[in-house]
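Just below is one structure, and these are the notes that go with it.
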Amino acid sequence: MNPTAAQDTLTLDPADWNDMRRLSHQMVDDMLDFLQTIHEQPVWTQPTTAVKDHFNQPLPRQGQDMQTVYGEFLQYILPFHKGNIHPRFFGWVQTTGNPLGMMADMLASGMTPNTSVGDHAAVYVDGQVVNWCKALMNWPADSSGILVSGASMANLTALLVARQAADQQMRQKGVRATAGELVLYTSAEAHSCVQKAVEVMGLGREALRKVPVDGDYQMDVGHLKTMIADDLARGYQPFCVVGNVGTVNTGSTDPLDAIADLCQAYGLWFHVDGAFGALAKLVPEFQAELRAIERADSLAFDLHKWLSLPYEIGCALIKDKTLHRATFSMTPNYLTTHERGLAAGPDPINQYGIELSRGFKALKAWMCFKTFGLELLAPVPLNIVCYRFNPGGMNTERLNQLNREILMQLHEQGIAAPSYTMLNGQYAIRVCNVNHRTTLPDLDALVAGTIRIGESLL
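Residue 613 in this note's numbering sits at position 141 of the sequence shown, and the numbers go up by one each step.
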């Protein structure tokens, strides 16, 4: 903090705005240079012992010069990035970001509005982006939605609404108010955030029914129907089925129409976890397959995957706006909306979710949508390839060990960064490409590196 010349106060603003401007310009130039030359760098560099020790320092009691602090960033942080911005990063399903989105986040941080309440531009931008998300999914204009940190929070938000639909007394009396014990169904291949949501909601892990999958890793709807009937016979209260669009292991999509039919027959909430694959609905070849997304009661998906927006931004869409609001609404006297002034404005966004403090995450989506349209979408949604190096003559255990070692050396040598999974007991190197920087030579380098390391280990 710097004392001002005009008053006996402290401020976090710089003592010299020109110094701040010069450093800020340097930061922008350094990051743009870094992104422009990222393909020349290793995919990943392991943090050294010195780097790790640097972050064991005690709380700073005295301030440092900001140029010195920035120098520490350049020395200890930037060179040891995760690698997801690199064109040969294929691990998990992670964004590569884009330069315009980076600058939009800077603008949003400079404004630093709380987008939950009030009559100011940020809440209208937020609302417009939600409306655009509804249009992307061909959802009704009068449906509801909210921008959140990512699909884990989007799934939790939607499932809380589903739980409210199962018992309107839930907020007043809690889980004990239900006539029977609530149970929810999802694929055995579902993302772990669904189980975490069930636990956080107070239903308990045993309330989650994991439905077996078929040979294509899709939910077995016949088995689902049997499980629902069995639970009803035993006095349980089925209330929701979660279908997947793009499972994290293999990219499989559950038979959404069949699930929707079953939910309609039993009066169950139909939620779609489209964290990874929902935006594939925009690709003409897959619109028919994914049209059943429009039949869902709720949908969760990420904008920081296929759309390459910087972390973090996800979306939850809810068909029933009244029910959505009833699940979260609360208006203490200090948040009462007024007729005029800053306390006016649209229905506060905090009435539709858990968070009261909400950053201006919508700005990067707004700017990138307007600048790029949807041209950054990858052309093929089934973008996960699971493979292994198999020289023959090895049992499953030895092959698993071999491919695990290949994966770690691909990372350590900075060649490429795929991730991994287990499929039917077999260790698979998992390649997921949502990377707008990736070219065919990058994929060739991955294959060549796999073969070279594999052969060197034999």
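The C-beta atom is built at its ideal place from N, Cα and C for all residues, glycine as well.
Taking the continuous alpha helix (DSSP H) assigned at Leu895, which residues delimit it?
Taking the sequence shown and counting its residues from 1, the one referred to as residue 895 is at position 423. Segment 889 to 895 is the beta strand (DSSP E) holding Leu895; no alpha helix (DSSP H) there.
Mind listing, in chain order, the continuous alpha helix (DSSP H) runs of no fewer than 4 residues lying wholly within the stretch 680 to 748?
693 to 705, 728 to 738
Is Val906 closer than 8 Å to Leu918 when the C-beta atoms are compared?
As a position in the sequence shown, residue 918 is number 446, starting the count at 1. As a position in the sequence shown, residue 906 is number 434, starting the count at 1. Contact flag unset, no.
With a cut-off of 8 Å, do at least 3 Cβ pairs link the stretch 569 to 578 to the stretch 526 to 544?
no
Expected contact under 8 Å - CB spacing of Tyr859 and Ala816 to nearest Å
Counting from 1 along the sequence shown, the entry for residue 859 is found at position 387. Counting from 1 along the sequence shown, the entry for residue 816 is found at position 344. Incorrect: roughly 57 Å between the Cβ atoms, too far for contact.
To which residues of the same chain is Ala630 closer than 6 Å at the C-beta, ignoring the five residues directly before and after it?
Within the sequence shown, the letter at position 158 stands for residue 630. Excluding positions up to five away in sequence, the list reads His743, Ser770, Ala772, Ala788.
Ranges of the beta strand (DSSP E) found wholly within the stretch 503 to 561, counting only runs of at least 3:
none
Going by C-alpha distance, which of Lys836, Glu811, Leu807 is nearest Ser829?
As a first step, residue 829 must be located in the sequence shown, where it is residue number 357. Closest by alpha carbon: Leu807.
Which partner residues does Ile901 have in the DSSP bridge list?
Along the sequence shown, read from residue 1 onward, the residue named residue 901 stands at position 429. According to DSSP, Ile901 bridges with Tyr859, Tyr892.
Of all the alpha helix (DSSP H) runs that stay within the bounds of the stretch 602 to 640, which reach a length of 4 or more residues?
623 to 638
What do you get for Leu654, buried or exposed, if any count of 16 or more other CB atoms within 10 angstroms of its CB means buried?
Against the sequence shown, residue 654 aligns to sequence position 182. By the neighbour-count rule (16 or more Cβ atoms within 10 Å), Leu654 is buried.
What residue from Ser588, Ser621, Val666 has the CA that sits closest to Thr803's CA?
Working through the sequence shown from its first residue, we reach residue 803 at position 331. Nearest option by C-alpha distance: Ser588.
Going by beta-carbon coordinates alone, are Leu619 and Ile785 separated by less than 8 Å?
For this step, residue 619 is matched to residue 147 along the sequence shown. For this step, residue 785 is matched to residue 313 along the sequence shown. Closer than 8 Å, so yes.
Please list the terminal residues of the continuous beta strand (DSSP E) segment that includes Gly786.
Counted from its first residue, the sequence shown places residue 786 at position 314. Looking at the DSSP string, the run of the beta strand (DSSP E) that includes Gly786 is 786 to 790.
Alpha carbon to alpha carbon, how far is Lys697 from Pro559? Give it in angstroms, no decimals.
By 1-based counting over the sequence shown, the position of residue 559 is 87. By 1-based counting over the sequence shown, the position of residue 697 is 225. Cα to Cα, the separation comes out at about 43 Å.
Based on DSSP bridge pairs, tell me the residues matched to Ala772.
What you label residue 772 is simply residue 300 of the sequence shown in a count that begins at 1. DSSP, once it has assigned bridges, lists Asp745, Ala788 as partnering Ala772.
Give me the Cα-Cα distance between Asp702 and Tyr708, rounded to the nearest whole angstrom.
Taking the sequence shown and counting its residues from 1, the one referred to as residue 702 is at position 230. Taking the sequence shown and counting its residues from 1, the one referred to as residue 708 is at position 236. So the alpha carbons of these two residues sit roughly 9 Å apart.
Looking only at its own chain, which residues have a Cβ that is under 7 Å from the Cβ of Ala637, when we skip the five neighbours before and after it?
Here residue 637 is taken as the residue at index 165 of the sequence shown, counted from 1. For Ala637, where only same-chain residues beyond five positions count, the Cβ hits under 7 Å are Trp741, Leu795.
Per-residue DSSP class, three states only, for Val500
In the sequence shown, the residue the question calls residue 500 occupies position 28. In this structure, Val500 counts as helix in the three-state DSSP scheme.
Please list, in chain order, all residues of the same chain as Ser801 whose beta carbon is under 6 Å from its beta carbon, the five residues on each side excluded.
In the sequence shown, counting from the first residue as 1, residue 801 sits at position 329. For Ser801, where only same-chain residues beyond five positions count, the Cβ hits under 6 Å are Gln823.
Taking the Cβ atom as the reference point for each residue, do Gly715 and Leu704 lie within a distance shorter than 8 Å?
The residue labelled residue 715 in the question sits at position 243 within the sequence shown. The residue labelled residue 704 in the question sits at position 232 within the sequence shown. Contact: no.
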